[in-house]
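Just below is one structure, and these are the notes that go with it.
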Amino acid sequence: MKRRTLLQYLAASGALAGSPLGFAFQALGPTVEIDNPLKAYPPRAWEKTYLDQYRYDSSFTWVCSPNCTHACRMRAFVRNGVMLRSEQNYDSHKVKDLYGNSATAAWNPRGCANGFTFQRRVYGPNRLRYPVVRKGWKQWADDGFPELTPENHSKYKFDARGQDELVRVTFDEAHTYVAKGLVHIAAKYSGDEGKQRLLAQGYGEEMLHHWEGAGTRTIKCRGGMGLLGVMGKYGMYRFCNALAYLDQHLRKVPDAGAKAGRLWSNYTWHGDQAPGHPFVHGLQASDCDLSDFRTTKFHLHIGKNLIENKRADNHFFTECMERGAKICVIAPEYSPPASKADYWIPIRPNSDTALLLGVTKLMIDRGGYDAAFVKRFTDLPLLVRKDNLRRLRAAELFEGYRPEDLSRGASARLWRFSDDQRRRLGDFVVFDERSKSFKAVTRDDVGDKLVQKGIDPALEGSWTVTLAGGKPVELITLFSAYKDVHLKDYDLDAVCEMTSAPRDLVLRLANDLATIKPACIHTGEGINHWFHATEVNRATYLPLMLTGNIGRPGAGGHTWAGNYKSALFQGSAETGPGLKGWVAEDPFHLNLDPKADGKDIRTHAHTADEEPAYWNYGDKPLVVNTPKYGKRSFTGQTHLPTPTKAIWFTNVNLINNAKWAYEMIKNVDPKIELIVATDIELNASVEYSDVAFPATCWTEFQTPEITGSCSNPFLQIWKGGMKPVYEAKDDLSILADQAKKLGELIGDSRFTDYFKFVHEGRPEVYIQRLLDASTTTRGYRYADIMAGRYGEPGAALFLFRTYPRVPFYEQITESLPFFTPTGRLQAYNDEPEVIEYGENFVVHREGPEATPYLPNVIVSSNPLVRPDDYGIPTDHLGVDERQIRNVKLPWSKVKTTKNPLWEKGFRFFCLTPKTRHATHSQWQVVDWQLIWNNPFGDPHRTDQRSPGVGEHSLSMSPEAARDLGLDEGDYVYVDANPADRPYVGWKPHDPFYRVARLMLRLKLNPGYPYDVVMMKHAPWIATERSVKAHETRPDGRAVSEGTSYQAMFRYGSQQSITRGWLMPMHQLDSLFHKAKGTMGFIFGGEADNHAVNTTPKETLVRITKAESGGLGGKGPWEPTRSGFTPRAESPDMQAYLEGRLTTVKKG
Amino acid sequence: MTADATTAPAVTRHALARPLWLRLEPEWAAEVVRLLLPRSPGAAAEYALGADPLYRLPPDDRPAAFAQLDALWVERLGSGGILRDAVAPFATELGRRLLCVLRPAAQLEEGADLGRYDDAPAVRLVLSPRRMLEPEPALAFCTHEVAHVADMLDASFGYDPHRPLPGATRPERELARERFRVLWGASIDGRLRARGLPALLSSEGWHALARRAFPKGPPAGLIDALSRGGRPPHDELLARCTCEHGPAPGQPCPLCRFPTHAWASEAQVAAAAARIAIDFPRWAPADGACAQCLECYR
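Taken in sequence, the protein lines are chains G and S. Per the numbering used here, the very first residue in the first sequence carries number 1; after that it's consecutive. Per the numbering used here, the very first residue in the second sequence carries number 1148; after that it's consecutive.
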């Protein structure tokens, strides 16, 4: 009898009556016998509750387009009008190009936790819900823009924006205020009167070089990473070009003379560009499709973290392992990619150049190079004059030299290489082994073309010759100059000392680079964020140039940081102006025909590029009063900024992410008379703006947007699939409406016409023009793409020569010149400034701040390196002077020098990489991400010192923490050079100092070397309002009153320790390289191409204890107390780490 | 010190003068029962006999039934007696207030405070159920906490919850709060001992806590006086909590007001004293300065 049946029987018969169990059992009722539980039992209605979680009414695709480089198409699911969730769309394999080529299915799936949690931003508490105007600024405008005397500066709170109120207004009111402000500022700073005002305000004469009489040139516009939304973000630059109408209105100048505003960069401002790339190959940046990783056999990873920072597509990196490639990682810390590597070379921060020069020496000394490639595609056979360090020009050597006609050559045919450019650059000279004579070579004489000329250039040799003018000079091939002279400073012993790299691993790396093909080197912002990144980038190419690892699948030297690539919409003589047709349509020759071919759009940029780095340096260029020459500008004319009086930025957290942010807020921005932000969220930049417009987000767009990527081949067009949650408008509409309002104010309808098709609700006219005018998209029809002709509606492939895209494929396979003066990959630069700075050869330099040694010293004894120190003493501590002082010393002497800052106790390099849980400042304070992003996430905020449900942290080695008396979880101060950080002129009693000094939690990480700490970049900074909230709210949350701004710090931010730098090597006028947006060449500066990169890693910090980590500041943090943190492991934790918790019994 | 020790007679176990009005949070009671049942032989089976039938009830009726059952078992397992003994000595001050016992979300939340229950005045005791595993320490803790509430209700103590903590900055106020906890706690334990009631900490224990809260040392003799049963009123206790500025680890720097563990040396301070005094006329070198502030005045 079954137990259940027995109980039923007993109950029915009363057998239990009176027993002690009676009470318990008398309540039992009959049970049900079930033969098939799945059929009849248990009731399954409850399952509907769970299944219903995923029920939806409709779905739509959208493109997640932050600055991560991926641009993943997601699918959102909507119920009752609410976007519930998003998931990966799995559409990559369906996407085709015009010719039927399709993308590999290996791209699937695309998308990451950011896309999955986007709905928490769409509906999150930080949305900017309606237009706002700062109360003080509004009053200033309402008062008729009275003169900003010191009293009025304070009255209208230009010096206390962070303490002012943000007042809700309508869109129309906001546009009216901005229009009035722009007109006022443009008028105020135009003409002679404007000039006198600017000079009286302390701006130097050089700041007026590009001002040219126009007040509009004091207006700076920035469409944040414009490629992320070509219409709405790059549209900011179109708006800026329209300011030419305003200048014409104010100054009554002819069309051609009208000046518009200045365009602030993105890629270089973020410090993302590899600034050395234009020096080596002439291109803005080299990057392949990430799927190209699959074809490599040796993947060298330097200062990069593809695991954490390329989340959607990082599988291509990890697949290197399963596809048999060898991986080497060079980084100071044992990083996530290091854990995937065959070997990891730990290195002193900022010494990568020395390591690569050492590897290069080993390769050359051991014959580990491809001589044929070196002769055909590099400048190493070219001759250099020992007297002036310039390359020998053919016209200097050969009497009556008559340049070869190159009008049919590749340079002129493909890139419109002009006679003027050729005259300026000249032709070059090699020593021909075959004829035993000197031969002239042009920039077109590369690859097979050199062979066809019958020239076999000597790699090694030196000669004394008499020039055409009769002057005797000594010559040397660059190969010999490197091999026999320059690299002597970088022998293995010296390099291991300079870099702290293990000797056997340096040898192993040299051997691998010399013997494995294809080999590639990947770098990123880890490298590019150093002051001397130019040299690292150049050094990166030396092993690749020696072995021919360029222009082949799986090969190359690539940089990964930022979705910068406007060059995707490349203009050419054949197709039209490319992106320029959108951002710089000639405002005085508008084409209002909706059916016009993009090729026929006339362009004229009345704007001028400008690097925000100058704003970030106190709104001035690098002009130094040198002991030897007096006042001297190290900012080339092509780079010179103008005074900043108005800024409008969209889709960027400009102020939050500005290096030295508190200096900007305290000392620089008070001189700016109008700051306008367009954003989807109320971030720190909005907190410090005068006007803010709420923009729709990617899922809310009401009109189509278009994007592409530097790391994949997908062309993406999309619209949102839901109504805007609040009052937000498309950023393109905001721009168009602002232009219209300006036109209304000054009576010029051309402002409206400039955005005609936006006002008519069909901005796709501009998208079609863009497709028509670009080499990579011509032939596509907008309607076809949106109809799904090439796969998922809205998606197509860019028309690249190869899939995966391989940079310089044509150069190698078709013997086309690179984009350098010589047409070759360059190991040497002979621009006059470069020679003066001592960087004609690739050299290792210590940083101007982040070094234990003499700041900025050049490690070399090469007599062909002759830097100018401008008479600046080596003990001068001025920041200007440290940047420009060029002192050359051999390593044996360098290692005896000292950096005074290091001696004062600032002995930690501070690395500031991207986090895996956010994209720069986006997603940083989404609750889930804030909890995951650090070890201190706590939804309950048990410790009410925490600024939110999580907070930022600093990683440090346990040994260093022990020596400083720190435990994991402690709050620490991180201070940098007190001479200028957190801002110039800080004082202990200044309330703003309390906002600006950095305090955060400490995390111990045994993966970090002793003198290296790490703090992820772009968290939401402490502001005046957030600090006030933290100190006065009962719960201690750092949430600004009135704005809901959530800071991730109690005090300060990552930017408390950074500052602006102006690297002289980034500011040349003489650098010849490819223009980024069109098939042509330029000399000197161009935003995002050759311009100042920001370099946040150039800092040393001192770390001191602030508060104990335990609850309420008492005792250690609980995981430390209970034995779960490094260096404080309990016996159980130690057993776990050693694998002793589980034992297997044998037998 | 202005108040003398209270010398009320000790109250014996279960000798509550007035009926106890006790309200247990059901989850608290359930947790206590869960923890204590295994310690009483046979109790688990007996509890099951009472609990099993409750599963026959409609789901909506079960929580109340379980709450009733668990309250009964809290009594049977001895925890009810602990609560009664903790309250009994303060029957006069508490009057007819309910005692409501709740679980803490975190250990820091433990403690007693004034509250209301169904619009009736109540004592709110947030208490970790785990404490009931050790009856004597539990009684000491509960008695100590209830004594705090008794002070709050005693007009002579002059308790004012709105009186601000001394200190200009949050860290200073946090430190003052910690000091106040120590001083008040020492005073209560002193009086409990004088009445023969269990105290939370020994006099030495309070001295140790005071050394942490007052890195430069608490005012002379204060802890001893409190441990002997002294009871200064609320405002006087608070006045003793003011943060003095001076170079002690974790103290606020007198210049930037950030708490610091990195004080500049006396020699460094002396060298910069004249420059500091320009910005801080009331500052004296003996006040010290943190190393970072000194960078400003080198």
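C-beta: ideal position from N, C-alpha, C; glycine also.
Does the CB of residue i have a neighbour CB from chain G at under 8 Å?
i, result
"GLU1383 (chain S)", "no"
"HIS1309 (chain S)", "no"
"PHE1405 (chain S)", "yes"
"LEU1312 (chain S)", "no"
"GLU1442 (chain S)", "yes"
"HIS1408 (chain S)", "yes"
"ALA1233 (chain S)", "no"
Excluding the five sequence neighbours on either side, which residues of its own chain have a C-beta within less than 8 Å of the C-beta of residue i, listed in chain order?
i, result
"SER1130 (chain G)", "SER1122, GLY1123, PHE1124"
First and last residue of the alpha helix (DSSP H) that includes residue i?
i, result
"TRP107 (chain G)", "From DSSP, TRP107 (chain G) is part of no alpha helix (DSSP H); its letter is neither H nor E."
"PRO543 (chain G)", "533-547"
"ALA684 (chain G)", "684-687"
"MET498 (chain G)", "492-499"
Rounded to whole angstroms, how far is the Cβ of residue i from the Cβ of residue j, which I believe are closer than 8 Å?
i, j, result
"LEU1068 (chain G)", "GLY1084 (chain G)", "6 Å"
"LEU1171 (chain S)", "VAL1296 (chain S)", "LEU1171 (chain S) to VAL1296 (chain S), Cβ: 17 Å. No contact."
"ARG73 (chain G)", "ASP91 (chain G)", "6 Å"
"HIS844 (chain G)", "GLU535 (chain G)", "7 Å"
Grab me the residues of residue i's own chain with a C-beta within less than 7 Å of its C-beta, minus the 5 sequence neighbours each way, in chain order.
i, result
"LYS135 (chain G)", "ASP164, GLU165, VAL167"
"TYR629 (chain G)", "TYR870"
"GLU1174 (chain S)", "ARG1250"
Locate the beta strand (DSSP E) running through residue i, then write down its first and last residues.
i, result
"HIS184 (chain G)", "HIS184 (chain G) -> not in any beta strand (DSSP E); alpha helix (DSSP H) instead, spanning 171-188."
"GLY1258 (chain S)", "1258-1264"
"SER59 (chain G)", "58-64"
"PRO694 (chain G)", "691-694"
"HIS558 (chain G)", "556-560"
"LEU283 (chain G)", "Unbroken run through LEU283 (chain G): none, as it is neither H nor E."
"PRO793 (chain G)", "Run containing PRO793 (chain G): none; DSSP gives neither H nor E here."
Against chain S, with Cβ distances strictly below 8 Å, would residue i count as a contact?
i, result
"GLU1107 (chain G)", "yes"
"TYR490 (chain G)", "no"
"THR1104 (chain G)", "yes"
"LYS987 (chain G)", "yes"
"ASP753 (chain G)", "no"
"ALA27 (chain G)", "Because the pLDDT of ALA27 (chain G) is 45, which lies under 50, any placement of that residue in the model is unreliable, and the question is left without a value."
With a threshold of 16 other CB atoms inside 10 Å of the CB of residue i, please say whether the residue is buried or exposed.
i, result
"HIS558 (chain G)", "buried"
"PRO627 (chain G)", "exposed"
"TRP415 (chain G)", "buried"
"GLU687 (chain G)", "buried"
"ILE1425 (chain S)", "exposed"
"GLU525 (chain G)", "buried"
"HIS1030 (chain G)", "buried"
"ASP142 (chain G)", "exposed"
"ARG391 (chain G)", "buried"
"LEU380 (chain G)", "buried"
"GLY1377 (chain S)", "buried"
"ALA827 (chain G)", "buried"
By Cβ distance below 6 Å, which residues in the same chain neighbour residue i in space, the five residues on each side in sequence not counted?
i, result
"VAL1329 (chain S)", "LEU1356, ALA1357, ALA1360"
"LEU290 (chain G)", "ASP313, PHE316, SER711"
"TYR541 (chain G)", "VAL280, GLY557"
"ALA274 (chain G)", "ALA285, ASN528, ASN537, THR559"
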